[in-house]
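In our numbering, each number is its position in the sequence shown, counted from 1, plus 305.
Ideal Cβ placement from N, Cα and C applies to all residues, glycine included.
Below is one structure, written out as structure tokens, with a few remarks after it.
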Amino acid sequence: MEGNEKIICVDLDGTLIKNDLSWDSAEKFAKRNFFNIFRLVFWYFRGIPYLKYKLAEEVEIDPSALPYNFEFLSYLIQKKSEGSKIYLATGSTEKYAKQVADYLQIFDGVFASDLQTNLVGKNKAQKLTKLFSEGFAYAGNSTDDLHIWKKASKKILVNPSESVQKAMRFVPHTLINPKI
């Protein structure tokens, strides 16, 4: 396998799906009742992990209705058929991540934000490096993922922003850029 694709860790928001579950949940919650905006602010000041946790308690998602990145999902299914272990590693809450993983049935494990840790950027890089010291491929899309790509043995950019493409222009990577 090119690089190390025996283990592929996959971001959820903006990578596996085209939107961000935390933002979508906050928007749905705020639209229910104007005063929910004040609850969001209160939760925010208790910390991002707490905010995400409370939103997941209040807002249900339907994993079958999410806007999946089907080009990337096909790539993952192919890699799975070739023997890769695939892990969902997301800043979204455990609740949402497990719902998506249960729906798709392609993941060997799930790592997500909990009440103590917002699993993004450096936090995610530390966790994945500790768990997969032999190396791993990482698929993401945002500048938060730059921390993880520094540690990954293979970099997979999925529908990346211009700033991510610019930051990674001299780094060997696989680009999966679906037509949206």
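Same chain only: Cβ atoms within 7 Å of residue i, ignoring 5 sequence neighbours per side
i, result
"Tyr408", "Pro368, Ser369"
"Glu363", "Phe334"
"Leu360", "Ser327, Ser330, Ala331, Phe334"
"Ser447", "Gly319, Ser466, Val469"
Sequence-distant residues of its chain with Cβ nearer than 6 Å to residue i (five each side left out)
i, result
"Ser418", "Pro354, Lys357, Gly396, Thr398, Leu424"
"Tyr373", "Ile322"
"Leu479", "The displayed chain sequence assigns Thr, not Leu, to residue 479. So the qualifying residues of the chain are Ile461."
"His301", "Absent from the model: residue 301. The displayed extent of the chain is 306 to 485, so no value can be given."
Endpoints, the beta strand (DSSP E) within which residue i is located
i, result
"Ala518", "The displayed coordinates of the chain run from 306 to 485. Any statement about residue 518 would go beyond what the structure contains."
"Phe475", "No beta strand (DSSP E) contains Phe475, which DSSP labels as neither H nor E."
"Leu462", "459-463"
"Val415", "414-418"
"Val315", "312-315"
"Gly319", "No beta strand (DSSP E) holds Gly319; DSSP gives it neither H nor E."
"Tyr443", "442-445"
Assigned exposure category for residue i - 16 Cβ within 10 Å defines buried
i, result
"Lys484", "Here the model assigns Lys484 a pLDDT of 44, short of 50, so the residue's position is not dependable, and the following value carries that caveat. Per the 10 Å Cβ criterion, exposed."
"Tyr443", "buried"
"Lys471", "exposed"
"Ser466", "exposed"
"Lys384", "buried"
"Ser389", "buried"
"Phe339", "exposed"
"Phe377", "buried"
"Phe347", "exposed"
"Gly414", "exposed"
Which listed residue (the options) has its alpha carbon closest to that of residue i
i, options, result
"Leu393", "Ser386, Glu387, Tyr349, Ile411", "Ile411"
"Leu420", "Gly445, Ala472, Lys400, Glu365", "Lys400"
"Ser327", "Leu345, Gln470, Phe339", "Leu345"
"Phe482", "Ser389, Arg351, Phe475, Phe375", "For clarity, residue 482 is Asn in the given sequence; the question names Phe instead. Out of Ser389, Arg351, Phe475, Phe375, Phe375 has the C-alpha closest to the C-alpha of Asn482."
"Ala406", "Lys336, Leu371, Ser386, Lys427", "Leu371"
"Asp267", "Ile391, Phe416, Asp316", "Any answer about residue 267 is impossible in this case: the structure gives the chain only from 306 up to 485."
"Cys314", "Phe343, Tyr380, Phe475", "Tyr380"
"Glu310", "Val476, His452, Met473, Glu439", "Glu439"
"Arg351", "Glu387, Ile366, Thr422, Lys403", "Thr422"
"Ile366", "Ile382, Ile391, Asn324", "Asn324"
"Ser312", "Ser386, Phe437, Lys336, Met473", "The amino acid occupying residue 312 in the given sequence is Ile; Ser does not appear at that position. Of the listed residues, the one whose Cα sits closest to Ile312 is Phe437."
Residue span of the alpha helix (DSSP H) that contains residue i, given as start and end
i, result
"Ile453", "451-456"
"Val278", "Residue 278 lies beyond the residue range present for the chain, which begins at 306 and ends at 485; the question has no answer from this structure."
"Phe340", "No alpha helix (DSSP H) contains Phe340, which DSSP labels as neither H nor E."
"Ala361", "353-363"
Interface flag, residue i vs chain D, CB-CB below 8 Å
i, result
"Leu378", "Annotation note: the requested chain D is absent from the structure, which comprises a single protein chain."
Inset, instruction - Taking 8 Å as the threshold, find out whether the stretch 429-444 comes into contact with the stretch 456-466 through three or more Cβ pairs. - result: With a cut-off of 8 Å, the stretch 456-466 and the stretch 429-444 count as touching, because enough Cβ pairs lie within range.
Inset, instruction - Say whether the stretch 460-473 touches the stretch 313-333, bearing in mind that this needs 3 or more beta-carbon pairs closer than 8 Å, one atom from each stretch. - result: With the cut-off at 8 Å, the stretch 460-473 and the stretch 313-333 touch.
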